[in-house]
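In case it helps, this note's numbering puts the sequence shown at residues 8 to 414. The beta carbon of each residue, even a glycine, is placed where N, CA and C say it ideally should be. Given the structure is predicted, the values throughout are model-derived calculations rather than measurements. Encoded as structure tokens, the structure appears first; notes follow it.
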Amino acid sequence: MDSGSVFASLVQAPEDPILGVTVAYNKDPSPNKLNLGVGAYRTEEGKPLVLDVVRRAEQLLVNDQSRVKEYLPIVGLADFNKLSAKLIFGADSPAIQANRVATVQCLSGTGSLRVGAEFLARHYHQLTIYIPQPTWGNHPKVFTLAGLSVKTYRYYDPATRGLNFQGLLEDLGAATSGAIVLLHACAHNPTGVDPTLEQWEQIRQLMRSKGLLPFFDSAYQGFASGSLDADAQPVRMFVADGGECLAAQSYAKNMGLYGERVGALSIVCKTADVASKVESQLKLVIRPMYSNPPIHGASIVATILKDSKMYDEWTVELKAMADRIISMRKQLFDALSARGTPGDWSHIIKQIGMFTFTGLNGEQVAFMTKEYHIYMTSDGRISMAGLSSKTVPHLADAIHSAVTRMG
Ligand code: IK2
8 MDSGSVFASL VQAPEDPILG VTVAYNKDPS PNKLNLGVGA YRTEEGKPLV LDVVRRAEQL
68 LVNDQSRVKE YLPIVGLADF NKLSAKLIFG ADSPAIQANR VATVQCLSGT GSLRVGAEFL
128 ARHYHQLTIY IPQPTWGNHP KVFTLAGLSV KTYRYYDPAT RGLNFQGLLE DLGAATSGAI
188 VLLHACAHNP TGVDPTLEQW EQIRQLMRSK GLLPFFDSAY QGFASGSLDA DAQPVRMFVA
248 DGGECLAAQS YAKNMGLYGE RVGALSIVCK TADVASKVES QLKLVIRPMY SNPPIHGASI
308 VATILKDSKM YDEWTVELKA MADRIISMRK QLFDALSARG TPGDWSHIIK QIGMFTFTGL
368 NGEQVAFMTK EYHIYMTSDG RISMAGLSSK TVPHLADAIH SAVTRMG
């Protein structure tokens, strides 16, 4: 009984649409259950993966007796910040060379987006941010709570299961001049559909001509193509033109550091003087929010990024994760073809990154969960990284059954 509690009038809040899938999965006693909800990498054996290079970096850190547990500065670990900027903007980035980039360590991708949004709400003249339709479910909440006003631009075309490029250009073309635009740097979540480099170039020209401010969300660098440099190309195109932009980076997926909460926010400015002022204001955003960021995850990342041998090892392990996901796409596509499942499933092999946006509707998803114990978000997104050769047939059976019985 909660009567007498000062919180008695509270209503039970719903579970998060993505993380709530894992909560439901954990409660299911079925031995055949499969969690394809949250975007978290699993091995062929269905186990979470800690990269070998991460284990080695941690060992080095533990063995180093000179290391202490003092507070980091408000902006985080200096080495980590420099190396993170290099990772996304490129080692030879003119913006870095000219000290025009302010980088602060934040709590993974989400924290970087939130700090960036709070900064913009305080200091940018336009409070409107355009986000793609659809997008990662947390985006509108992060931006709204930071004080920005969220609008959407067309992105995905359900008919082609590809990019609605015309719609995107029209919506950004009609956007309020100076507005902020959230762009997924690569491996768009949830659709797995990215613009081509030629399309990125058109987006860049349009945005610069209207003075729209790009805010890149880079949660999957290396996961789209398997190459860290190739996946950063869209961001680097925007930096190369000398204009300003923001970028939020996460090491959750590409280094498998999910629970370490390690990421960075960079703001590329026109001059070093402005970048220095921006950094000083970012500190005022961060200090009352969480004071300063945690030390362990950032130390792992810095250890790996500054040692060329460890960096190379990381790229090999990252490519192996990306390749396993690509092979899951092929296996699922082949399994559906073998079953003669009605419909065109070629988008499974065309889409990139961690997710396939299957096109299954909410009813079909609910059926698959009830009858096959397969857990996924109700928008029909499946995390390909949660799949293995052993579980592909079970998923293909479930999709086949859902489509033929509830099509
Ligand atoms: N931005 C995007 C586009 C993301 O996909 C994520 C991670 N989402 O993962 C959960 C899921 O969709 O299944 C983030 C930002 C933030 O990730 P983090 O804060 O873990 O770095």
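* Please state whether DSSP places Ser-298 in a helix, a strand or coil. => In the three-state reduction of the DSSP assignment, Ser-298 falls in the coil class, being assigned neither a helical nor a strand state.
* If we call anything under 7 Å between Cβ atoms a contact, is Ile-95 one with Ala-239? -> The answer is yes: Cβ separation under 7 Å.
* **Exposed unless 16 or more other CB atoms sit within 10 angstroms - verdict on Lys-337** => With a threshold of 16 other beta carbon atoms within 10 Å, Lys-337 falls short and is exposed.
* Segment limits, beta strand (DSSP E) that includes Ser-216 -> Per DSSP, Ser-216 belongs to no beta strand (DSSP E); it is in the alpha helix (DSSP H), 204–216.
* **Test item: CB-CB of Phe-222 and Leu-189 under 7 Å** => Taking 7 Å as the Cβ cut-off, Phe-222 and Leu-189 qualify as a contacting pair.
* So who's on the other strand from His-191, going by DSSP bridges? -> Residue pairing from DSSP places His-191 in a beta bridge opposite Asp-224.
* Asked: On the three-state DSSP scale, how would you describe Gln-3?
  -> No answer is possible for residue 3: it lies beyond the span of the chain, which begins at 8 and ends at 414.
* Asked: CA-CA distance, Thr-203 and Ile-210?
  -> Rounded to the nearest angstrom, the two C-alpha atoms are 10 Å apart.
* Asked: Would you call the stretch 165–182 and the stretch 106–125 in contact, with 3 or more CB pairs under 8 Å?
  -> The count of Cβ pairs closer than 8 Å, one atom from the stretch 165–182 and one from the stretch 106–125, stays below three, leaving the stretches out of contact.
* To do: Measure the C-alpha to C-alpha separation of Val-34 and Gly-250 and round it to an integer number of angstroms.
  => At residue 34 the sequence reads Lys, which differs from the Val that was named. Their backbone Cα atoms lie some 50 Å apart in a straight line.
* To do: Tell me whether Ile-81 sits in a helix, a strand or coil according to DSSP, three-state version.
  => It is coil, neither helix nor strand.
* To do: Could you tell me the distance, in whole angstroms, from the CA atom of His-380 to the CA atom of Ala-92?
  => Each residue's Cα considered, the two are about 42 Å apart.
* Cβ atoms of His-407 and Arg-346: under 7 Å apart, would you say? -> In this structure, Arg-346 lies near His-407, with their beta-carbon atoms less than 7 Å apart.
* **Alpha-carbon to alpha-carbon, Ala-309 and Asp-86** => Annotation: Asp-86 to Ala-309 spans about 6 Å, alpha carbon to alpha carbon.
* C-beta atoms of Gly-180 and Pro-24 nearer than 7 Å -> The answer is no: Cβ separation not under 7 Å.
* Just reading off the beta strand (DSSP E) that Tyr-137 is part of, what are its end residues? -> Counting along the chain, the beta strand (DSSP E) containing Tyr-137 begins and ends at 135–140.
* For Asn-42, the three-state DSSP class (helix, strand or coil) -> Three-state DSSP puts Asn-42 in a strand.
* Starting from the N-terminal end, write out each residue whose C-beta falls within a distance shorter than 5 Å of any non-hydrogen atom of the ligand IK2. => For the ligand IK2, the selected residues are Ile-25, Val-45, Gly-46, Ser-115, Gly-116, Thr-117, Trp-143, Asn-196, Asp-224, Ala-226, Ser-257 and Ala-259.
* Residue ranges of each alpha helix (DSSP H) run of no fewer than 4 residues wholly in the stretch 231–256, ordered along the chain? -> For the stretch 231–256, the full-length alpha helix (DSSP H) segments reaching 4 residues or more read 235–238 and 240–247 along the chain.
* To do: Report back the beta-carbon spacing between Phe-126 and Leu-289 to the nearest angstrom; my notes put them in contact at under 8 Å.
  => About 6 Å; that satisfies the 8 Å criterion.
* Asked: Less than 7 Å separating the beta-carbons of Tyr-137 and Cys-193?
  -> Cβ atoms of Tyr-137 and Cys-193: not closer than 7 Å.
* Asked: Given Ala-279, which residues of its chain have a CB within under 7 Å of its CB, disregarding the five upstream and five downstream residues?
  -> Here the set comprises Ala-105, Asn-106 and Arg-107.
* Would a check of beta-carbon distances place Ile-187 closer than 7 Å to chain C? -> No chain C is part of this structure, which consists of one protein chain only.
* Asked: Can you round the beta-carbon distance between Gln-133 and Arg-161 to whole angstroms, since I take them to be within the 8 Å contact cut?
  -> Contact doesn't hold; Cβ gap of about 20 Å is too wide.
* Beta bridge counterpart(s) of Arg-49 as assigned by DSSP -> Listed as beta-bridge partners of Arg-49 by DSSP are Pro-55.
* To do: May I have the straight-line CA-CA distance separating Ala-259 from Asp-341, to the nearest angstrom?
  => Taking the straight line from one Cα to the other gives about 30 Å.
* Cβ atoms of Ala-64 and Ile-307: under 7 Å apart, would you say? -> Contact: yes.
* Shortest alpha-carbon distance to Pro-301 belongs to which of Gln-19, Thr-50, Val-372 and Val-82? -> Nearest Cα to Pro-301 within the set Gln-19, Thr-50, Val-372 and Val-82: Val-82.
* Distance CB(Gly-266)-CB(Ser-119) smaller than 7 Å -> Remark: C-beta atoms of Gly-266 and Ser-119 do not approach each other more closely than 7 Å.
* Nearest residue (CA-CA) to Leu-367, options Glu-378, Thr-50 and Trp-352 -> With distances taken between Cα atoms, Leu-367 lies closest to Trp-352.
* Note the first and the last residue of the continuous alpha helix (DSSP H) segment covering Asp-26. => The sequence as given places Leu at residue 26; Asp does not occur at that position. Where Leu-26 is concerned, the enclosing alpha helix (DSSP H) stretches over 26–34.
* Asked: Which partner residues does Cys-113 have in the DSSP bridge list?
  -> Looking at the DSSP output, Cys-113 sits in a beta bridge with Gly-270.
* To do: Please go through the same chain and pick out, in chain order, the residues whose beta-carbon is closer than 8 Å to the beta-carbon of Pro-147, but skip the five residues on each side of it.
  => Once the five neighbours on either side are set aside, the close Cβ partners of Pro-147 are Ile-138 and Val-157.
* Could you check if Arg-331 is buried or exposed, using at least 16 other CB atoms within 10 Å of its CB as the buried criterion? => Per the 10 Å Cβ criterion, buried.
* **Buried versus exposed call for Arg-129 [16 or more other C-beta atoms within 10 Å across all chains shown]** => It counts as exposed.
* Val-18 by DSSP, collapsed to three states: which one? -> Collapsing the DSSP output to three states places Val-18 in coil.
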